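Novice: Residue numbers (the numbering used here): 0 to 707.
The structure that follows is given in the form of structure tokens.
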Ligand SMILES: [Zn+2]
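Shown next, in the form of structure tokens:
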């Protein structure tokens with residue numbers, strides 16, 4: 000009878016039957032199998048172990064278990080059991096390969112993220128990131144690690160798992176008013192627009208380094224407005240000090256000039272300062288468009304800021320190059336800026352002109368069903384450039400300001416559909432329910448890990464009380480109260496391929512598939528709502544902006560299940576609940592369908608329109624205005640096209656043109672990846688394949704022919 004087990008590392012442990020029972024349980028859960036006549040199976044295993052020697056290796060015991068499972072007729076469980084074992088072996092091999100990975104990364108960073116550079120800091124960051132990923136996987140429950148490695152779900156930013164949180168809507172207005180400290184002294188509340196602009200960049204950069212995701216300024220134009228009047232007063236003071244009568248016309252001219260200079264400096268700063276871990280510019284977003292102030296003058300001043308920042312963005316960089324950052328979100332509202340008779344319609348017109356030239360702003364509708372109640376309560380919803388949305392709050396005030404996403408996990412819907420098999424909808428929902436439980440488990444585990452962090456681990460965001468929940472906390476307090484304020488997102492990838500697997504058609508092709516698609520996302524949302532109450536944490540349903548992931552899942556699934564037409568035959572899965580990018584569908588129909596999904600995804604979403612030529616401002620205006628008025632379900636959208644410009648003179652080129660009129664062949668392309676813009680060459684493999692398939696929703700033409 001076995002008494003001792005020799006482990007793989009040579010250590011000897013006393014034998015426990017419990018470990019075998021647990022491992023078999025796990026092999027069952029994964030595929031949702033039930034063992035018939037369990038007692039008989041365990042008797043059989045005991046019998047075999049009874050007849051063995053006192054000391055056995057782990058491998059020998061595994062072999063006995065598998066033999067018994069097969070003799071007992073549980074072939075599929077045996078298969079799972081043996082796969083599980085192989086997977087664990089694979090991890091061990093991979094771990095020994097980590098040195099190789101590190102050496103490879105020293106040569107060139109990979110392209111998990113479209114905006115990471117390739118300098119020394121980037122390489123160092125990737126190496127550290129790779130090492131921590133493995134440490135995290137080794138540390139967590141084996142089942143969780145296995146779900147991630149197998150591609151059942153994806154734990155985002157695993158390298159930051161134990162270190163920090165995802166993203167934040169920086170409370171800009173408060174920081175400007177009260178001043179702040181980044182560690183080496185106090186920055187007082189600014190007295191003019193230039194310093195207010197500088198401080199807004201500093202707060203983005205400091206906030207960025209305390210977390211792994213994006214940083215947004217919620218009401219950028221409103222927050223800066225008070226510093227316009229201070230600038231005017233400064234200009235007036237020159238006249239007064241010189242004993243002259245104040246020339247108001249001149250004062251206004253100087254003030255406008257200074258606003259424009261300040262906004263230009265923000266655009267330059269946010270596109271040049273590699274202050275995100277030394278290798279990236281911050282993933283910054285600015286929300287604008289609804290002028291407000293404590294009085295009429297201040298409201299007008301916030302409109303001035305809005306106008307000026309759009310113009311600065313439109314002007315681009317020094318040689319007229321298009322900017323990648325910040326992502327600008329222009330918020331529309333009927334009665335304020337959406338209709339020609341509205342007071343600030345000219346700002347919307349300008350935003351559309353800019354979007355036609357630079358693919359920014361993107362547009363958020365405050366008239367949408369999910370945003371209007373907030374608006375009516377005085378809360379302006381704002382968006383993180385990646386599409387993350389934080390609004391509801393089970394633990395306090397419903398506002399985006401000072402809050403963000405804590406962590407997301409993304410489920411592989413396609414895998415579930417393949418496992419269930421064509422037409423087997425009930426089985427699919429069984430697996431979905433199981434994976435929802437597993438996703439919740441993973442986020443709760445992350446919560447347990449993160450809550451041990453102290454305020455001093457997030458010295459700016461928590462230490463300077465940017466995050467709601469950090470009020471009154473000291474450096475030595477743990478950050479648990481902040482974790483209760485942010486969102487915990489359960490995301491999903493590949494609804495289109497999932498539906499194709501289950502029914503043969505995706506949600507753009509058939510009404511029945513659309514119904515089923517809605518039922519699936521509704522189930523995810525309902526589960527998140529339940530998890531929210533159960534855990535008293537802000538769980539949310541997330542239309543994940545998958546970048547590296549959209550290419551990772553299909554590779555794993557193809558290796559496991561082979562090529563399945565319309566399902567695993569491409570190098571990418573379609574993001575979240577989007578209609579596949581290569582499917583010929585009219586703008587109107589696409590938006591109508593995606594408008595049904597957006598309200599369900601309270602953790603964030605975006606809808607895209609793709610065009611194959613440079614649009615005009617009017618065209619963008621018509622698209623945005625019509626879409627928002629026609630679809631009250633839809634609240635966040637962007638219009639995409641291919642930007643190409645000459646690096647020498649800044650002149651724009653059409654997709655098919657390779658040489659600029661000036662003779663220069665050094666051409667730069669820009670396209671949108673997830674929510675942000677990125678240089679063409681910085682797309683990873685999966686996203687490159689996806690971009691290649693994108694067709695125009697105006698005429699069905701392919702958009703990125705030149706990138707074949
Ligand atoms: Zn040129």
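For glycine and all other residues, C-beta sits at the position ideal for the given N, C-alpha and C.
Just so it is clear, the structure is predicted and the values come from calculations on it, not from any experiment.
For ligand 1, list every residue whose C-beta falls under 6 Å from any of its heavy atoms, going in chain order.
Specialist: Residues with a Cβ closer than 6 Å to any heavy atom of ligand 1, in chain order: 645, 647, 648, 650, 659, 661, 663.
Novice: Counting Cβ pairs closer than 8 Å, one from the region 571-578 and one from the region 348-367, do we hit at least three?
Specialist: The answer is no - the region 348-367 does not touch the region 571-578, with fewer than three Cβ pairs under 8 Å.
Novice: Output yes or no for whether 8 Å exceeds the beta carbon distance between residue 725 and residue 338.
Specialist: A question about residue 725 goes unanswered here, because the residues of the chain that appear run from 0 up to 707.
Novice: Please state if the CB of residue 550 and the CB of residue 570 are separated by a distance shorter than 8 Å.
Specialist: Their beta carbons are under 8 Å apart, which means residue 570 touches residue 550 by this criterion.
Novice: Where are the alpha helix (DSSP H) runs, 4 residues long or more, that stay fully inside the region 363-449, in chain order?
Specialist: Those alpha helix (DSSP H) runs which fall completely within the region 363-449 and span 4+ residues are 371-375, 412-419, 424-449.
Novice: In chain order, what residues of the same chain lie with their CB nearer than 7 Å to the CB of residue 67, ignoring the 5 residues before and after it?
Specialist: Correct list, in chain order: 40, 43, 44, 47.
Novice: If I measure Cβ to Cβ from residue 349 and keep anything under 7 Å in the same chain, skipping five residues before and after, which residues do I get?
Specialist: Taken in chain order, the residues that qualify are 306, 309.
Novice: In the DSSP output, what is residue 180 paired with across the bridge?
Specialist: For residue 180, which the question treats as bridged, DSSP gives the partners 185.
Novice: Check each candidate in 201, 194, 360 and name the one with the smallest Cα separation from residue 275.
Specialist: Nearest option by C-alpha distance: 201.
Novice: Have a look at residue 505 and residue 184 and give me their C-alpha separation to the nearest angstrom.
Specialist: Roughly 57 Å between the two C-alpha positions.
Novice: Quick check: the Cα distance between residue 738 and residue 233, rounded to an integer number of angstroms?
Specialist: Residue 738 is absent from the model: the chain starts at 0 and stops at 707.
Novice: Rounded to whole angstroms, what's the CA-CA distance from residue 225 to residue 217? Just pull it up for me.
Specialist: Distance between the alpha carbons of residue 225 and residue 217 is about 16 Å.
Novice: In three-state DSSP terms, what is residue 470?
Specialist: Here residue 470 sits in coil by DSSP.
Novice: What are the boundary residues of the alpha helix (DSSP H) that residue 207 is part of?
Specialist: From DSSP, the alpha helix (DSSP H) with residue 207 extends over 192-207.
Novice: Could you tell me the boundaries of the alpha helix (DSSP H) in which residue 49 lies?
Specialist: It spans 37-49 - the alpha helix (DSSP H) in which residue 49 sits, taken as one unbroken run.
Novice: Can you list, in chain order, the residues of its chain whose CB lies under 7 Å from that of residue 710, leaving out five sequence neighbours each side?
Specialist: Given a span of 0 to 707 for the chain in the structure shown, any question on residue 710 remains unanswerable.
Novice: Using only CA atoms, which one of 122, 323, 665, 104 lies nearest to residue 356?
Specialist: Here the closest residue by C-alpha is 323.
Novice: Use the C-beta contact count for residue 585: other C-beta atoms within 10 angstroms, 16 or more gives buried, fewer gives exposed.
Specialist: Per the 10 Å Cβ criterion, exposed.
Novice: Note down the Cα distance separating residue 541 from residue 256, rounded to an integer number of angstroms.
Specialist: Straight-line Cα distance between these residues: approximately 42 Å.
Novice: Where do the N-terminal and C-terminal ends of the beta strand (DSSP E) with residue 321 fall, by residue?
Specialist: Run containing residue 321: none; DSSP gives neither H nor E here.
Novice: Grab the span of the alpha helix (DSSP H) containing residue 267 for me, first residue to last.
Specialist: Unbroken alpha helix (DSSP H) run through residue 267: 247-271.
Novice: Could you please give me the residues that DSSP links to residue 286 through a beta bridge?
Specialist: Paired residue(s): 328.
Novice: Which full runs of the alpha helix (DSSP H) of 4+ residues lie inside the region 599-671, going along the chain?
Specialist: The region 599-671 contains these whole alpha helix (DSSP H) runs: 616-629.
Novice: Which residue's Cα is closest to the Cα of residue 358: 637, 251, 590?
Specialist: Residue 637 is the option with its Cα nearest to residue 358.
Novice: Tell me, which residues are paired with residue 540 by DSSP?
Specialist: DSSP output for residue 540 lists 489 as bridge partner(s).
Novice: Using a Cβ distance threshold of 8 Å, determine whether the region 615-627 contacts the region 647-666, with at least three qualifying pairs required.
Specialist: No contact exists between the region 615-627 and the region 647-666.
Novice: For residue 502, report the span of its beta strand (DSSP E) as first-last.
Specialist: Here residue 502 belongs to no beta strand (DSSP E); instead the alpha helix (DSSP H) covers 494-502.
Novice: Going straight from the alpha carbon of residue 210 to that of residue 545, what length do you get?
Specialist: Each residue's alpha carbon lies about 19 Å from the other.
Novice: Between the beta-carbon of residue 163 and the beta-carbon of residue 457, is there less than 8 Å?
Specialist: For residue 163 and residue 457, yes; Cβs fall inside 8 Å.
Novice: Do you know offhand how far residue 447's Cα is from residue 515's?
Specialist: Each residue's Cα considered, the two are about 35 Å apart.
Novice: Among 685, 468, 699, 680, which one has its Cα closest to the Cα of residue 706?
Specialist: Of the candidates 685, 468, 699, 680, the one whose C-alpha sits nearest the C-alpha of residue 706 is 680.
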